[in-house]
Structures are given as C-alpha cells and as structure tokens.
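Reading through the structure tokens given below for one structure.
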Amino acid sequence: MRDLSDGMLIPTLTKIPEFTGLNICIILISEIPFEKFRCGTGSLDPIHIFFPQYSKEEILDLLMKECPQPEHSSLYQTYLSMILGVFLVACRDFCELRYIAAQHWESFMEPIHSGEIDKNQAVKLWRHLEPKLRSSLNQVYVRGPDACGTTIGLKMELPFFSKFLIIAAYLASYNPARYDRRLFVKAKEGRKNKDKGLKSLKKQKLHNAARLMGPKVFPIDRLMAIFYSIVDERVTPSLNIFVQISTLVSLKLLTHTGSAAMFQGVPKYRCNAGYDLVRSLARTVNFELGRYLYDTTV
C-alpha cells in the first residue's frame, strides 16, 4: 500500500464516510505505525488501538487450531509445547512461530511413522527433535537454503523495529561516536551540499576504507540512542525491544562482545551485517542510509 505511486489510497479510505455520507467505520490493521503510511495529503488521523502481545497460552491455542492432523491433536499439543519452549524467548511473532511449527512437524512424526519411537514416549521424541530445533533457532526470521541444500537468495523477514536496530547497530559500528550529535540532528536535512560532484567520489572512498577496517564495538546505550533518533515515531522502551536485540544476536547479525565485568556492567556489541544487507533493509523502511554514514556525509 505504501508503494502506490499516487499516494491517494489511504486518504481515500479514511474519508469514505465523508464521501458517502454513510455511517461507515474503516478499520486498518497493520504492524507498521501509521506515520509510515502518511502521505501529507490531508488524510485523517485514525484512532490507534494497540493490541498486546499474545501470551504463551494464547499462541498455543491459536496454533492448535491449525493442527494438520486432527486425529493427532494431543500429540500436536505436545509438539507445540516443544516448539514454544525453544523459540518463544527469541521470537513472539505468531506468523513466524506458525511457519516453524509447520516446518518441523513431519520431522517430529518421522520416528513415529517408522515405529522407532512410540507416540507416548515424549522424552525420546524431544531428544529426536531438539537438535533440529536448536539449529533452526539461528535461522529465525531468515529464509535461507532450501530443502535440497541449494542456496537461494536470502530473504530477511525481520520485524519493523528489528530492521531499525540493525541499521542503528551498523551506524554505531562504522560511525565515530564523536560525530553522533552532528549526524543525527534532524536539522541537518537543510545543509548545503557544496561541490557535491567533486566530493562524492572522495566520500565513497572514505566509506569503503572504513568498511575495510571492519566494524567497531559500541555500548548498548549508544545503540539505543541512535535507534530512537532514526525511528520516526515515538518508541516506548520495553522488554520487547531488548528481546529483539537478543534475537539479532542469536541470528549472528549482532555479536555480544566481552564480559559485563570488563565493561563495568554495560553490554557492548558489534554489527556483523554487511553494507549490502543493511542498505537492503533500510530501503524496506524508507530509510536513507547514506545520509547517516559519517564517511558519506562529512
């Protein structure tokens, strides 16, 4: 919807009651904040209703409704408990959990069909499935090699704020900390670009040099400061944000470095994501990465 060229769909939808003169209520459901859809063409601001995350019991109930073999509903509930026990700490996205449950069900049932393990031997079934689940934990939100082992294009499917966390981590790893204030002041949008053509090649060479030197370590407070600066809307600090950071670490997109004692209790990280991946993620959230990189803006 955000990619429509005329930008009139959202304003039109919000004004349907006005256009028709009828008592019509328009309900829009999205995981993306409304500010990302705003077109600046006079669309009405909707009333926001925020839904809390599903509890473990609610997720289990929803997944049970999609049991692929109703005759094995009791066994499927045991299977889902194993899935949630491994993945729920790192991922609370229902769509992703549904994908994971569908992905491993046949593997779970394989020793039962072969007669190797009885369906009532939950401990043996867990031992059979656990290595596959632990391995899959590193691929949450990532669609990688297919079942035949052939590498296909990686498709990064991260939550909206996780994308901004990766972008913020990349900026923290490749920008000098002393320039944060200068780079992330909103007023910089009006800066003059003198000798743009002459300097563009030099700037690109500087950024390439910084990338060759590798990512630098940064404290979590700097990561969060950059994150809150580049996200357009107000974000309330919550456990969910820190859970997403842990997920990014498990995906190896971030590395937690050192020990708490060494850094006086302040966690420090390093961004492992490459420039091409971060630039691709930035495009999906309409973020101009180059404007915030020190070597391409200074």
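The sequence shown runs 1 to 298 under the working numbering.
Even glycine gets a Cβ: it sits at the ideal position worked out from N, Cα and C.
Taking a contact as a CB-CB distance under 8 angstroms, the pair I220 and F164 does not count as one, their CB atoms being some 15 angstroms apart. With a cutoff of 9 angstroms on beta-carbon distance, I112 and L281 are scored as not near each other.
Taking a C-beta distance under 9 angstroms as the contact criterion, P68 and W105 qualify as a contact pair. With fewer than 16 other CB atoms across the displayed protein chains lying within 10 angstroms of its CB, T284 is exposed.
Under a 10 Å Cβ-count criterion, C25 is classified as exposed, with fewer than 16 other Cβ atoms of the shown protein chains found around its own Cβ. Excluding its 5 nearest sequence neighbours in each direction, L75 has C-beta neighbours in its own chain below 6 angstroms: K119, listed in chain order.
Collapsing the DSSP output to three states places Y269 in a strand. With 16 or more other Cβ atoms inside 10 Å of its own Cβ, R92 counts as buried. Setting aside the 5 residues that flank it on each side, L289 is surrounded in the same chain by R279 and A282, each with a C-beta closer than 6 angstroms to its C-beta; the list follows chain order. A172 sits away from K124, with the two beta carbons spaced by 9 angstroms or more. For H256, the enclosing beta strand (DSSP E) covers residues L254 to T257.
Between Y294 and Y174, the C-beta spacing is below 9 angstroms. The C-alpha of T247 is placed about 16 angstroms away from the C-alpha of Y170. The C-alpha of A101 lies about 7 angstroms from the C-alpha of I83. Remark: C-beta atoms of I241 and F160 do not approach each other more closely than 9 angstroms. In this structure, the CA atom of L183 is about 20 angstroms from the CA atom of G214. According to DSSP, P219 shares a beta bridge with K268. Using a 10 angstroms sphere on the CB of R222, the tally of other CB atoms reaches 16 or more, which defines it as buried. Taken atom to atom, the span from the alpha-carbon of M8 to that of E18 is near 15 angstroms. Counting the other CB atoms within 10 Å of its CB gives Q244 a total of 16 or more, which places it among the buried residues.
Residue nearest to V266 within the set T257, N272, A273 and P52 is T257 (criterion: CA-CA distance).
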